[in-house]
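J.: Residue numbers (the numbering used here): 12 to 272. The beta carbon of each residue, even a glycine, is placed where N, CA and C say it ideally should be. As the structure is a prediction and not an experimental result, all values here were calculated from the model.
This is the structure:
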């Protein structure tokens, strides 16, 4: 009788973690920056349809990196959770902490019971009445939750981007300063560090940016288009051309590859 192949639980968990981390590292980074006016989300994303930053509820938003189909399933589940809880109880009962706990349970169960873990990393954020009441939670592929303060970066080149944020972020920044810092941080990735020429310049039409606006009483989430970004960043809007169009974005975990012609 043949002896079944044995792999220790420690090795199985390590292999799953390595697999998930490699998938997440291939995705374009997302930056979340808290400021006096609310919470800014920014990512380098040329697609106008495949969003990495989305609204969940009145004062709660969601950002993700990794495989699009996996984090889109989590986003939809989060919207359903928020709608059901807000309808059953009260809209104020829908919080980022409750949503983060629900996501942590889901990701932890998938990581331990399924053969393939989700290749995703998430941020769930809630804007408060004042900056001290803001909540930002970062969730990893295994269901671990971290309570972040001020800023967070995830995805590819997260270490280089976090170093830029740690160097320049300060409490009480206004929306414009926070947005400029987020875009500069995205340009301070591993490619820019290897080139040694300073941060890359990212055109407004290559960015996906949204804000949880503290001044709004309900539906605080709003997206910033290329025109608004050009004004805030004081750059001229550029027309997409060639490979920079959404249809020609480089394939990766966040963007499905193009079908052959």
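Considering Cα atoms alone, identify which of 26, 186, 83, 50 is closest to residue 244.
T.: Considering only alpha carbons, the answer is 186.
J.: Residue 122 lies in the alpha helix (DSSP H); which residues open and close that run?
T.: Counting along the chain, the alpha helix (DSSP H) containing residue 122 begins and ends at 107 to 124.
J.: Taking 8 Å as the threshold (beta carbon to beta carbon), is residue 128 in contact with chain B?
T.: The question asks about chain B, but that chain is absent: this structure has only one protein chain.
J.: By Cβ distance, which residues of its chain are closer than 7 Å to residue 180, with the 5 residues on each side in sequence left out?
T.: These residues qualify, in order along the chain: 44, 161, 162, 192.
J.: Looking only at DSSP bridge pairs, what is residue 65 linked to?
T.: Answer is 73.
J.: So is residue 80 buried or exposed if we call it buried at 16+ other beta carbons inside 10 Å?
T.: With fewer than 16 Cβ atoms within 10 Å of its Cβ, residue 80 is classed as exposed.
J.: What does the alpha-carbon distance come out to for the pair residue 105 and residue 68?
T.: Straight-line Cα distance between these residues: approximately 8 Å.
J.: Please report how far the alpha carbon of residue 281 lies from the alpha carbon of residue 209, in whole angstroms.
T.: Nothing about residue 281 can be read from this structure; the chain reaches only from 12 to 272.
J.: With DSSP as the reference, please indicate the residues paired to residue 132 in a beta bridge.
T.: Residue 132 pairs with 76.
J.: Find the nearest neighbour of residue 145 within the set 240, 120, 108, judged by alpha-carbon distance.
T.: The option with the nearest alpha carbon to residue 145 is 108.
J.: List the residues that DSSP assigns as beta-bridge partners of residue 219.
T.: BP columns for residue 219 point to 54.
J.: Could you check what DSSP says for residue 100 in three-state terms: helix, strand or coil?
T.: Coil at residue 100, not helix or strand.
J.: Residue 75 and residue 131 look like a contact to me (Cβ under 8 Å); what is the Cβ gap, rounded to whole Å?
T.: With 8 Å as the limit, residue 75 and residue 131 qualify as a contact, their Cβ atoms being about 6 Å apart.
J.: Answer yes or no: do residue 172 and residue 216 have a C-beta to C-beta separation smaller than 8 Å?
T.: Result no, Cβ atoms of residue 172 and residue 216 do not sit closer than 8 Å.
J.: What's the call for residue 120, buried or exposed, on a 16-neighbour Cβ count within 10 Å?
T.: Exposed: under 16 other Cβ atoms inside 10 Å.
J.: Rounded C-beta distance between residue 128 and residue 27? I'm assuming under 8 Å.
T.: Sure, about 5 Å apart at Cβ, within 8 Å.
J.: Ignore the nearest five residues each way along the sequence and tell me which others in residue 139's own chain have a CB closer than 6 Å to its CB.
T.: If we look at residue 139 and ignore the five residues flanking it on each side, its Cβ neighbours are 145.
J.: For residue 82, which of helix, strand or coil comes out of DSSP?
T.: Three-state DSSP puts residue 82 in a helix.
J.: Can you check whether the CB of residue 59 is closer than 8 Å to the CB of residue 73?
T.: Cβ atoms of residue 73 and residue 59: not closer than 8 Å.
J.: Check each candidate in 174, 110, 117, 236 and name the one with the smallest Cα separation from residue 147.
T.: Closest by alpha carbon: 110.
J.: Measuring straight from C-alpha to C-alpha, what distance separates residue 233 and residue 223?
T.: Those two C-alpha atoms are separated by around 7 Å.
J.: Quick one: give me the first and last residue of the alpha helix (DSSP H) that residue 146 is part of.
T.: Unbroken run through residue 146 is the beta strand (DSSP E), 146 to 150; no alpha helix (DSSP H).
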